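Asker:
There are 2 protein chains.
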Amino acid sequence: MPHDSEATGPDGINPLTVEVTRGGIVESRHRGAAAIVDARGHIQAAWGDIQRPVFPRSAIKAIQALPLVETGAADAFGFGARELAIACASHNGEALHVETVTGMLTAVGLDESALECGGHWPYSEADAHALAVQGRAPDQRHNNCSGKHAGMLALARHLGVETKGYTDQRHPVQQRVMGTMEMLTGLDLGRAAVGIDGCSVPTWAIPLENLAFAFARLCTGEDLPDDRAEAARRLIAACFREPFMVAGTDRFCTDFMTATAPRVFVKTGAEGVFCAAVPEYGLGVALKCDDGAGRAAEVMLVNILRTVGVLDDVPDETVRRFIEIGIENRRGTAVGTIRPAHGWLAF
Amino acid sequence: MPHDSEATGPDGINPLTVEVTRGGIVESRHRGAAAIVDARGHIQAAWGDIQRPVFPRSAIKAIQALPLVETGAADAFGFGARELAIACASHNGEALHVETVTGMLTAVGLDESALECGGHWPYSEADAHALAVQGRAPDQRHNNCSGKHAGMLALARHLGVETKGYTDQRHPVQQRVMGTMEMLTGLDLGRAAVGIDGCSVPTWAIPLENLAFAFARLCTGEDLPDDRAEAARRLIAACFREPFMVAGTDRFCTDFMTATAPRVFVKTGAEGVFCAAVPEYGLGVALKCDDGAGRAAEVMLVNILRTVGVLDDVPDETVRRFIEIGIENRRGTAVGTIRPAHGWLAF
Chain W
58 MPHDSEATGP
68 DGINPLTVEV
78 TRGGIVESRH
88 RGAAAIVDAR
98 GHIQAAWGDI
108 QRPVFPRSAI
118 KAIQALPLVE
128 TGAADAFGFG
138 ARELAIACAS
148 HNGEALHVET
158 VTGMLTAVGL
168 DESALECGGH
178 WPYSEADAHA
188 LAVQGRAPDQ
198 RHNNCSGKHA
208 GMLALARHLG
218 VETKGYTDQR
228 HPVQQRVMGT
238 MEMLTGLDLG
248 RAAVGIDGCS
258 VPTWAIPLEN
268 LAFAFARLCT
278 GEDLPDDRAE
288 AARRLIAACF
298 REPFMVAGTD
308 RFCTDFMTAT
318 APRVFVKTGA
328 EGVFCAAVPE
338 YGLGVALKCD
348 DGAGRAAEVM
358 LVNILRTVGV
368 LDDVPDETVR
378 RFIEIGIENR
388 RGTAVGTIRP
398 AHGWLAF
Chain D
58 MPHDSEATGP
68 DGINPLTVEV
78 TRGGIVESRH
88 RGAAAIVDAR
98 GHIQAAWGDI
108 QRPVFPRSAI
118 KAIQALPLVE
128 TGAADAFGFG
138 ARELAIACAS
148 HNGEALHVET
158 VTGMLTAVGL
168 DESALECGGH
178 WPYSEADAHA
188 LAVQGRAPDQ
198 RHNNCSGKHA
208 GMLALARHLG
218 VETKGYTDQR
228 HPVQQRVMGT
238 MEMLTGLDLG
248 RAAVGIDGCS
258 VPTWAIPLEN
268 LAFAFARLCT
278 GEDLPDDRAE
288 AARRLIAACF
298 REPFMVAGTD
308 RFCTDFMTAT
318 APRVFVKTGA
328 EGVFCAAVPE
338 YGLGVALKCD
348 DGAGRAAEVM
358 LVNILRTVGV
368 LDDVPDETVR
378 RFIEIGIENR
388 RGTAVGTIRP
398 AHGWLAF
């Protein structure tokens with residue numbers, strides 16, 4: 058692995074730059090920062106401010122799911138690869154996703170009403186319209202986070218605690234998740250800013266450096282208790298085996314893991330966050346697009362993985378599919394591209 | 058009007074800053090540039106790089122609609138305020154929008170198949186689902202630009218030219234629009250970068266300074282031929298009278314013009330562009346959020362209008378509704394805010 062490190066530019070402007078082109082010129086531009094860290098905590102590559110705390114949002118669902126597995130809850134309720142993968146997912150609300158979550162809730166002896174994530178129309182337009190055609194409104198199982206929530210309910214049941222209020226920061230489930238996050242990141246999160254995520258669970262602000270460290274430990278198990286290391290191994294293996302469950306049709310996480318698997322675990326979070334783990338190299342990756350744009354964060358993630366050599370064995374045309382994103386107009390005419398900026402680092 | 062001018066910061070970073078907060082910290086951040094110019098071309102206020110060409114996209118629909126009115130085409134086909142307003146619109150595809158466009162096409166002796174904008178599901182989720190429930194797919198009338206396109210077809214008919222191919226840059230309709238843009242902006246667009254818009258018409262890249270100048274002329278008529286000045290007056294009056302036609306339910310342009318009317322004409326464009334005109338002060342405004350985010354461009358626009366005193370007569374609570382945007386999670390809990398950055402100009 059080459060070493061690479063770029064500080065922020067003047068006034069804290071981050072260097073990773075993705076541009077959106079049209080008519081031969083740059084129409085819009087996104088900035089970001091990222092860290093690649095090994096399981097000993099050594100920074101292997103860094104771009105921009107990796108010490109500012111960022112909310113990881115859904116990018117750390119695989120860490121939030123560790124207690125579900127390491128406590129034996131997942132095995133007690135008979136959860137297999139699909140269930141473990143959807144516990145780590147921001148899914149599209151497609152039929153298989155909803156069916157899997159329904160099965161998890163049934164296994165736990167609960168139903169949709171026990172979820173506290175709130176409902177929203179499926180990300181998948183086809184599935185949203187299919188619901189509408191049936192005269193149905195979405196319920197909480199269609200929420201992209203419902204797999205994580207079903208896993209948290211399973212954990213609550215297995216721990217023998219009240220399921221109601223499991224999204225509250227003081228509830229044993231969230232306290233357990235917090236402790237797990239603290240061990241993996243090496244931080245005292247009692248001192249961290251804490252926000253409420255879109256699905257109502259707490260999200261702690263963590264520097265990219267520590268998030269990347271956490272994902273290096275997740276994929277190597279280094280310095281983790283045996284049960285936790287084994288839980289991490291099983292969760293990543295489940296996502297590699299069932300990438301559809303992690304997101305769905307035409308979604309980056311599913312498509313990228315499918316195209317490169319089993320090589321890089323990737324997980325998106327709201328507001329332009331990505332976390333990734335590369336078991337083969339023992340590396341963790343964390344990235345934030347400053348303005349929160351997912352379209353740019355995806356390109357940044359793949360391009361930093363490419364830059365440091367993680368994708369050297371992946372065919373060029375496969376990599377290009379994820380870093381040169383065509384923009385079409387409403388009639389399918391090619392009108393522009395989303396891509397790493399010319400020169401990539403804009404300083 | 059106070060004078061105000063801020064250059065770009067180091068490395069061309071634009072100063073207008075909108076932040077997205079969560080859990081008491083800044084989660085994401087947007088930058089932008091803007092110009093406020095009078096009808097003589099004097100810059101009244103400027104922030105950041107206002108000379109870099111940007112694609113105005115849909116923000117200049119009111120200018121694209123000038124030939125429709127000044128040639129007499131609109132009158133020949135009996136278009137009233139609703140039709141003029143929707144010719145300037147990026148609408149939601151709600152029932153009244155589609156009905157109005159259908160009426161325009163019928164008046165012109167054409168139907169939906171003559172449109173060349175392409176179809177997409179209505180921006181309005183309720184209307185998209187209503188279509189799906191009826192087992193229907195969207196057609197080109199549901200495209201947010203269909204009013205502009207119906208107006209362009211009316212112009213082609215009135216000019217006695219072939220309607221087919223009216224979206225092509227070489228077609229008389231687009232050449233006429235180009236000439237109108239050149240007069241209002243004072244630029245030779247033959248030298249400008251030209252892209253293809255989402256709805257297939259050409260979009261010429263124009264510096265914010267010139268876009269703002271164009272909107273000052275649009276709302277004052279200064280130095281314009283009488284027919285063109287009168288067409289501009291009628292179009293802005295139509296949008297002030299029928300703000301719903303310009304966008305629709307829960308949309309910024311409609312809500313802001315309704316809350317402040319008749320004071321500021323505002324029009325959004327894709328990729329974080331806004332143009333505005335303030336007839337009362339004879340000012341034009343043009344703004345671009347660097348990363349293309351509409352959520353930030355709206356806040357930037359209202360805050361620069363506030364900063365220069367244009368909204369002094371608007372109640373504080375009304376202004377605040379447009380510059381302190383609450384973010385709720387899926388269960389309706391307040392979790393964050395979109396707002397001008399602390400200190401606003403980030404340098």
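Chains as they are written, first to last, in my numbering: chain W, 58 to 404; chain D, 58 to 404.
We put the CB at the ideal spot given by N, CA and C, even for glycine.
The model shown is predicted, which means the values in this text are computed figures rather than measured ones.
Kindly indicate which residue of D:Phe379, D:Val155, D:Val165, D:Ala96 has the alpha-carbon position closest to the one of Tyr180 of chain D.
Answerer: Indexing the second sequence from 1 puts residue 180 of chain D at position 123. Looking at the Cα atoms, D:Val155 is the closest of the given residues.
Asker: Taking 8 Å as the threshold (C-beta atoms), are Val303 of chain W and Ala92 of chain W in contact?
Answerer: On the first sequence, residue 92 of chain W is found 35 positions in, with the first residue counted as 1. On the first sequence, residue 303 of chain W is found 246 positions in, with the first residue counted as 1. Contact flag unset, no.
Asker: Which residues mark the beginning and the end of the alpha helix (DSSP H) in which His186 of chain W is found?
Answerer: If you number the first sequence from 1, residue 186 of chain W lands on position 129. 182-190 is the extent of the alpha helix (DSSP H) around His186 of chain W.
Asker: Would you say Arg248 of chain D faces chain W, with C-beta separation under 8 Å as the test?
Answerer: Residue 248 of chain D sits at position 191 when you count from the first residue of the second sequence. Cβ-Cβ to chain W under 8 Å: no for Arg248 of chain D.
Asker: So, is the C-beta of Ile395 of chain W closer than 8 Å to a C-beta in chain D?
Answerer: Locating residue 395 of chain W in the first sequence gives position 338, counting from the first residue. Not one chain D Cβ lies under 8 Å of Ile395 of chain W.
Asker: Rounding to the nearest angstrom, what Cα-Cα distance links Pro113 of chain W and Val158 of chain W in this structure?
Answerer: Residue numbering aside, residue 113 of chain W sits at position 56 when the first sequence is read from its first letter. Residue numbering aside, residue 158 of chain W sits at position 101 when the first sequence is read from its first letter. When rounded, the distance between both Cα atoms is 23 Å.
Asker: In angstroms with no decimal places, state the Cα-to-Cα distance between Gly329 of chain W and Ile395 of chain D.
Answerer: To locate residue 329 of chain W, count along the first sequence from 1; it is residue 272. To locate residue 395 of chain D, count along the second sequence from 1; it is residue 338. Approximately 16 Å between the Cα atoms of the pair.
Asker: Pull up the distance between the alpha-carbon of Val94 of chain D and that of Val190 of chain W, whole angstroms please.
Answerer: Sequence index remark: in the second sequence, residue 94 of chain D carries index 37 (1-based). Sequence index remark: in the first sequence, residue 190 of chain W carries index 133 (1-based). Those two C-alpha atoms are separated by around 50 Å.
Asker: Count the other CB atoms, across all protein chains shown, that sit within 10 Å of the CB of Asp254 of chain D; report buried if there are 16 or more and exposed otherwise.
Answerer: Numbered from its first residue, the second sequence carries residue 254 of chain D at position 197. Asp254 of chain D should be labelled buried.
Asker: Please state whether DSSP places Ala250 of chain D in a helix, a strand or coil.
Answerer: To locate residue 250 of chain D, count along the second sequence from 1; it is residue 193. The answer is coil: DSSP assigns Ala250 of chain D none of H, G, I, E or B.
Asker: Relative to chain W, which residues along the region 163-183 of chain D have a C-beta separation below 8 Å, given in chain order?
Answerer: Taking 8 Å as the Cβ-Cβ cut-off against chain W, the residues of the region 163-183 of chain D that qualify are Glu173, Cys174, Gly175, Gly176, His177, Trp178, Glu182.
Asker: Indicate whether at least one CB of chain W lies closer than 8 Å to the CB of His60 of chain D.
Answerer: Within the second sequence, residue 60 of chain D is the residue found at index 3, counting from 1. Note that His60 of chain D scores 42 on pLDDT, short of 50, meaning its location in the model is unreliable; the coordinates nonetheless yield the value given after this. It does not; no Cβ of chain W falls within 8 Å.
Asker: So what does His148 of chain W bridge to, in DSSP terms?
Answerer: Residue 148 of chain W sits at position 91 when you count from the first residue of the first sequence. His148 of chain W pairs with nothing; no bridge assigned.
Asker: Identify the contact partners of Ser147 of chain W in chain D, using a Cβ-Cβ distance below 8 Å as the criterion.
Answerer: For the purposes of this step, residue 147 of chain W is taken as the residue at position 90 of the first sequence. Ordered by position in chain D, no residue passes the 8 Å Cβ test against Ser147 of chain W, which lies about 13 Å from the chain.
Asker: Using a C-beta to C-beta distance shorter than 8 Å, which residues of chain D count as neighbours of Glu279 of chain W?
Answerer: If you number the first sequence from 1, residue 279 of chain W lands on position 222. Per Cβ cutoff of 8 Å: no residues; Glu279 of chain W is ~30 Å from chain D at best.
Asker: Let me see if you follow: with CB-CB separation under 8 Å, is Ser85 of chain D close to chain W or not?
Answerer: Mapped onto the second sequence, residue 85 of chain D falls at position 28. Yes, because at least one Cβ of chain W sits closer than 8 Å to the Cβ of Ser85 of chain D.
Asker: With a Cβ-Cβ cutoff of 8 Å, do Leu292 of chain D and Ala187 of chain D count as a contact?
Answerer: The residue labelled residue 292 of chain D in the question sits at position 235 within the second sequence. The residue labelled residue 187 of chain D in the question sits at position 130 within the second sequence. Against a cut-off of 8 Å, the Cβ pair of Ala187 of chain D and Leu292 of chain D comes out as no contact.
Asker: What does Pro264 of chain W touch in chain D if you count any residue whose Cβ is under 9 Å from its own?
Answerer: As a working mapping, residue 264 of chain W is identified with position 207 in the first sequence. The premise fails here: Pro264 of chain W is roughly 12 Å from chain D at the closest Cβ pair, so nothing lies under 9 Å.
Asker: What is the rounded straight-line gap between the Cα of Pro14 of chain W and the Cα of Leu244 of chain W?
Answerer: Not covered by the structure: residue 14 of chain W. The range shown for chain W is 58 to 404.
Asker: Is Gly405 of chain D buried or exposed, if buried means 16 or more other CB atoms sit within 10 Å of its CB?
Answerer: In the structure displayed, chain D extends from 58 to 404; residue 405 of chain D sits before or after that span and is not available.
Asker: Strictly by DSSP, which residues pair up with His228 of chain W?
Answerer: In the first sequence, the residue the question calls residue 228 of chain W occupies position 171. DSSP, once it has assigned bridges, lists no residue as partnering His228 of chain W.
Asker: Asn267 of chain D CB to nearest chain W CB: under 8 Å?
Answerer: Within the second sequence, the letter at position 210 stands for residue 267 of chain D. Closer than 8 Å: no.
Asker: Cutting at 7 Å between CB atoms, please list the residues of its own chain near Pro59 of chain D, excluding the five before and the five after it.
Answerer: In the second sequence, the residue the question calls residue 59 of chain D occupies position 2. With a pLDDT of only 37 at Pro59 of chain D, under 50, the local geometry of the prediction cannot be trusted, and no value is derived from it.
Asker: Quick one: what's Thr74 of chain D bridged to in DSSP?
Answerer: The count along the second sequence starts at 1 and reaches residue 74 of chain D at position 17. According to DSSP, Thr74 of chain D bridges with D:Arg88.
Asker: Please state whether DSSP places Val218 of chain W in a helix, a strand or coil.
Answerer: Within the first sequence, numbered from 1, the residue matching residue 218 of chain W stands at position 161. The answer is coil: DSSP assigns Val218 of chain W none of H, G, I, E or B.
Asker: Which partner residues of Pro195 of chain W appear in the DSSP bridge assignment?
Answerer: Here residue 195 of chain W refers to the residue found at position 138 of the first sequence. According to DSSP, which records beta bridges pairwise, Pro195 of chain W is partnered with nothing at all.
Asker: Would a C-beta distance cut-off of 8 Å place Val323 of chain W and Cys310 of chain W closer than the cut-off?
Answerer: Counted from its first residue, the first sequence places residue 323 of chain W at position 266. Counted from its first residue, the first sequence places residue 310 of chain W at position 253. Taking 8 Å as the Cβ cut-off, Val323 of chain W and Cys310 of chain W qualify as a contacting pair.
Asker: At a CB-CB cut-off below 8 Å, which residues of chain D make contact with Val190 of chain W?
Answerer: Taking the first residue of the first sequence as 1, we reach residue 190 of chain W at position 133. Within chain D, the residues near Val190 of chain W are Ala189, Val190, Gly192.
Asker: Do you know whose CA, among W:His199, W:Asp184, W:Ala152, lies nearest Glu169 of chain W's CA?
Answerer: Working through the first sequence from its first residue, we reach residue 169 of chain W at position 112. For the residues W:His199, W:Asp184, W:Ala152, the minimum Cα distance to Glu169 of chain W belongs to W:His199.
Asker: Roughly how many angstroms separate the alpha carbons of Glu299 of chain W and Ala142 of chain W, rounded to a whole number?
Answerer: Position 242 of the first sequence, counted from the first residue, corresponds to residue 299 of chain W. Position 85 of the first sequence, counted from the first residue, corresponds to residue 142 of chain W. One C-alpha to the other measures close to 6 Å.
Asker: Quickly, what does DSSP pair Cys346 of chain D with across the bridge? List them, please.
Answerer: Here the question's residue 346 of chain D lines up with position 289 in the second sequence. In the DSSP output, where bridge partners are listed per residue, Cys346 of chain D has D:Gly89.
Asker: I'd like to confirm the pairing. Which residues does DSSP put opposite Val94 of chain D in its beta bridges?
Answerer: For the purposes of this step, residue 94 of chain D is taken as residue 37 along the second sequence, with counting starting at 1. The partner list for Val94 of chain D (beta bridge, DSSP) reads D:Ile100, D:Gly341.
Asker: Going by C-alpha to C-alpha distance, which of D:Asn267, D:Thr317, D:Arg290, D:Leu268 sits closest to Gly278 of chain D?
Answerer: For the purposes of this step, residue 278 of chain D is identified with residue 221 of the second sequence, where counting begins at 1. Relative to Gly278 of chain D, the option among D:Asn267, D:Thr317, D:Arg290, D:Leu268 whose CA is nearest is D:Arg290.
Asker: Is there at least one Cβ from chain W nearer than 8 Å to Gly81 of chain D's Cβ?
Answerer: Here residue 81 of chain D is taken as the residue at index 24 of the second sequence, counted from 1. It does: the Cβ of Gly81 of chain D has a partner Cβ on chain W nearer than 8 Å.
Asker: Using a Cβ cut-off of 8 Å, which residues of the region 372-398 of chain D contact any Cβ in chain W, in chain order?
Answerer: Asn386, Arg387, Arg388, Gly389, Thr390, Val392, Gly393
Asker: Quick one: is Asp225 of chain W near chain D, going by C-beta distance under 8 Å?
Answerer: To locate residue 225 of chain W, count along the first sequence from 1; it is residue 168. For Asp225 of chain W, the answer is no, since every Cβ of chain D falls outside 8 Å of its Cβ.
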